[in-house]
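**Student:** Taking the numbering used here, the leading residue of the sequence shown gets -14, the next gets one more, and so forth.
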Amino acid sequence: MSSSSSFYNFINLFISSLISVKDLSSDIENQVELEEKTRLINQVLELQNTLEDLSARVDAVKEENLKLKSENQVLGQYIENLMSASSVFQTTDSKSKRK
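This is the structure we're talking about:
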């Protein structure tokens, strides 16, 4: 009985060891998956921040563009008014009418 009992204990210990190894392997796989998910989440958050920064920059550029267009219109009108008020820029027909 002693040898049978020893063998039985050995088998139980062996099976317990296999189960422990399987559990450890599963834990390692879960840890790897968790690390990968964490890495992907961090990457997504970083990309979201980059997108927000780019979107804010686009909005700022659009606003600056509208401001510059408005200033160009004002300057264009100002130049037009100066040209029409100056005799240097009058057409030759109007010069001949003055003579």
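Quick reminder that beta carbons are idealized off the backbone N, C-alpha and C, glycines included. A quick note: this is a predicted structure, and the numbers were derived from the prediction, not measured.
1. Pull up the distance between the alpha-carbon of Asp12 and that of Glu18, whole angstroms please.
2. If you draw a straight line from the alpha carbon of Ser1 to that of Leu25, how long is it in whole angstroms?
3. Any idea what DSSP makes of Ser1, helix, strand or coil?
4. Can you look up Gln75 in the DSSP assignment and give me helix, strand or coil?
**Tutor:** In brief:
1. Working through the sequence shown from its first residue, we reach residue 12 at position 27. Working through the sequence shown from its first residue, we reach residue 18 at position 33. Distance between the alpha carbons of Asp12 and Glu18 is about 10 Å.
2. As a working mapping, residue 1 is identified with position 16 in the sequence shown. As a working mapping, residue 25 is identified with position 40 in the sequence shown. Cα-Cα distance, rounded: 36 Å.
3. Here the question's residue 1 lines up with position 16 in the sequence shown. Reduced to three states, the DSSP call for Ser1 is helix.
4. Stepping through the sequence shown from its first residue, residue 75 is reached at position 90. Three-state DSSP puts Gln75 in coil, outside helix and strand.
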